[in-house]
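**Student:** Positions 1 to 245 (the UniProt record's numbering) are the ones given, in order, by the sequence shown.
Quick reminder that beta carbons are idealized off the backbone N, C-alpha and C, glycines included.
Since this is a predicted model, take the numbers as computed values, not measurements.
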Amino acid sequence: MAIIPIVLNELLQEVCDDLISTNPWTNCMSLYGKPYYKPCSTGCQRYITKRPTVKKWTFSVPIGDFNPEEIKVKVENDKVFINAKSTEGNEEWSDIVERNRTVKIPKDVDKEKITSFMKSDGSLVLEAPFIESDESKIKILSIEKQNEDEKEIISSESKNDLMNIDIQNYNPEEVSVTCTDGVIITQGKRQRSENGHELRESFYRKITLPKSVDQKNLKCFKNNDGHLVIKEVIATGDDKNQSRH
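#1: Taking the C-alpha atoms as reference points, what is the distance between GLY182 and LEU209?
#2: In whole angstroms, what separates the C-alpha of residue 250 from that of TYR204?
#3: Could you give the distance in angstroms between the alpha-carbon of GLY89 and the alpha-carbon of VAL125?
#4: In this structure, does DSSP put GLU92 in helix, strand or coil?
#5: Taking the alpha-carbon positions, what's the PRO39 to PRO129 distance?
#6: Please report how far the alpha carbon of LYS231 lies from the alpha carbon of ARG190, in whole angstroms.
#7: Can you name the start and end residues of the beta strand (DSSP E) that TYR204 belongs to?
#8: Checking the sheet assignment: what are the DSSP bridge partners for ILE76?
#9: Excluding sequence positions up to five away, which residues of its chain have a Cβ less than 6 Å from the Cβ of TYR170?
#10: Roughly how many angstroms lie between the CA atoms of residue 256 and VAL80, to the nearest whole one?
#11: Short check: CB of SER94 to CB of GLU70, under 7 Å?
#12: Looking only at C-alpha atoms, which of ILE96, GLY196, PHE66 sits nearest to LYS119?
#13: Where GLY196 and ASN217 are concerned, what is the direct C-alpha to C-alpha distance, given to the nearest angstrom?
#14: Please confirm whether GLU127 and LYS72 have their CB atoms less than 7 Å apart.
#15: Could you tell me whether the Cβ atoms of ILE143 and CYS220 are closer together than 7 Å?
#16: Rounded to whole angstroms, how far is the Cβ of ILE105 from the Cβ of ALA84, which I believe are closer than 8 Å?
#17: Looking at the structure shown, is GLN45 part of a helix, part of a strand, or coil, going by DSSP?
#18: Closest to ILE207 by CA distance: which of ASN100, ASP225, LYS222, ILE184 is it?
#19: Thinking C-alpha only, which one of ARG99, ILE82, ILE96 is nearest PHE117?
Here it is, written out as structure tokens:
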């Protein structure tokens, strides 16, 4: 069980009350294509620059007229429990207002990082980052030298290569291969001097993997012809590598 503190971000409310964000420098006016401008009390001018949008889960819960210290939020298993309780009165009489809310946490949300804050309209906003899946992580593929077992695979099924690029003029450190969200990006940069001139050469290739390909099984090879070959290599029962696609 985790207890989540309630934050009332006054600067956030002052700048853009309807924007769900805990970042006081978030640019709400960028939604209209213009930077937000606000004069300072000293006569200076303040500009809030646009920041990149970060994908996250947000959920707004109407609570009512409660102070942040009157609201308790806790996380148990896959749910968020919200309790708001306000007491007014004296020794002779008292009024108690209490509200309870339960919010189910989606499976792809990191419940360990849930935070909350109050808005001036009486709603409580929950937010948390999404769980980063293996497919969304950037995987750097190392360029391997093909061994004897892999030579036959690469040469016999070259027409089914996911990517085949001539890199014989490039050193290994001049070529990078990354895979993220099912997209392979290969790029190379090299610089050399010739007859007193600086020559630069580069390439960029980008492909989207078929849905049937598991990026965990991707391998990069540099064959004897100086070509970069990318394949999905899967292990069989007898521990030999096989290539498909």
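**Tutor:** The short version:
#1: Locating residue 182 in the sequence shown gives position 182, where the first residue counts as 1. Locating residue 209 in the sequence shown gives position 209, where the first residue counts as 1. GLY182 and LEU209: Cα-Cα distance of roughly 5 Å.
#2: This structure cannot speak to residue 250, because the chain is shown only from 1 to 245.
#3: For the purposes of this step, residue 89 is taken as residue 89 along the sequence shown, with counting starting at 1. For the purposes of this step, residue 125 is taken as residue 125 along the sequence shown, with counting starting at 1. Rounded to the nearest angstrom, the two C-alpha atoms are 29 Å apart.
#4: Residue mapping note: residue 92 aligns to position 92 of the sequence shown, counting from 1. GLU92: coil per DSSP, three-state reduction.
#5: For the purposes of this step, residue 39 is identified with residue 39 of the sequence shown, where counting begins at 1. For the purposes of this step, residue 129 is identified with residue 129 of the sequence shown, where counting begins at 1. With a pLDDT of only 47 at PRO39, under the threshold of 50, the placement of this residue in the model should not be trusted; the figure read from the coordinates follows. Taking the straight line joining both Cα atoms gives about 33 Å.
#6: Working through the sequence shown from its first residue, we reach residue 231 at position 231. Working through the sequence shown from its first residue, we reach residue 190 at position 190. If you take the alpha carbons of LYS231 and ARG190, they lie about 25 Å apart.
#7: Taking the first residue of the sequence shown as 1, we reach residue 204 at position 204. Counting along the chain, the unbroken beta strand (DSSP E) around TYR204 starts and ends at 197-208.
#8: Numbered from its first residue, the sequence shown carries residue 76 at position 76. According to the sequence displayed, residue 76 carries Glu and not Ile. For GLU76, DSSP records a beta bridge to LYS79.
#9: Numbered from 1 along the sequence shown, position 170 holds the residue referred to as residue 170. Short of 6 Å from the beta carbon of TYR170, and not among the five residues preceding or following it, lie these beta carbons of its own chain, in chain order: GLY188, ARG190.
#10: The requested residue 256 does not occur in the structure, where the chain is confined to residues 1 to 245.
#11: In the sequence shown, residue 94 corresponds to position 94, counting from 1. In the sequence shown, residue 70 corresponds to position 70, counting from 1. No, the pair does not count as a contact, with Cβ atoms beyond the cut-off.
#12: The residue you call residue 119 lines up with position 119 of the sequence shown. A check of alpha carbon separations from LYS119 across ILE96, GLY196, PHE66 identifies PHE66 as the nearest.
#13: Within the sequence shown, residue 196 is the residue found at index 196, counting from 1. Within the sequence shown, residue 217 is the residue found at index 217, counting from 1. Annotation: GLY196 to ASN217 spans about 45 Å, alpha carbon to alpha carbon.
#14: Start at 1 with the first residue of the sequence shown, and residue 127 comes out as number 127. Start at 1 with the first residue of the sequence shown, and residue 72 comes out as number 72. Contact: no.
#15: Along the sequence shown, one-based indexing puts residue 143 at 143. Along the sequence shown, one-based indexing puts residue 220 at 220. Taking 7 Å as the Cβ cut-off, ILE143 and CYS220 qualify as a contacting pair.
#16: Locating residue 105 in the sequence shown gives position 105, counting from the first residue. Locating residue 84 in the sequence shown gives position 84, counting from the first residue. Contact between ILE105 and ALA84 fails: their C-beta atoms lie close to 19 Å from each other, not under 8 Å.
#17: As a working note, residue 45 is residue 45 in the sequence shown. Confidence at GLN45 is low in this model, with a pLDDT of 41, below 50, so the placement of that residue should be treated as unreliable; the coordinate-derived value is given next. GLN45 falls in the strand class under three-state DSSP.
#18: On the sequence shown, position 207 is the one that residue 207 refers to. Comparing Cα-Cα distances from ILE207 to each of ASN100, ASP225, LYS222, ILE184, the minimum goes to ILE184.
#19: Numbered from 1 along the sequence shown, position 117 holds the residue referred to as residue 117. Checking every option, the nearest Cα to that of PHE117 belongs to ILE82.
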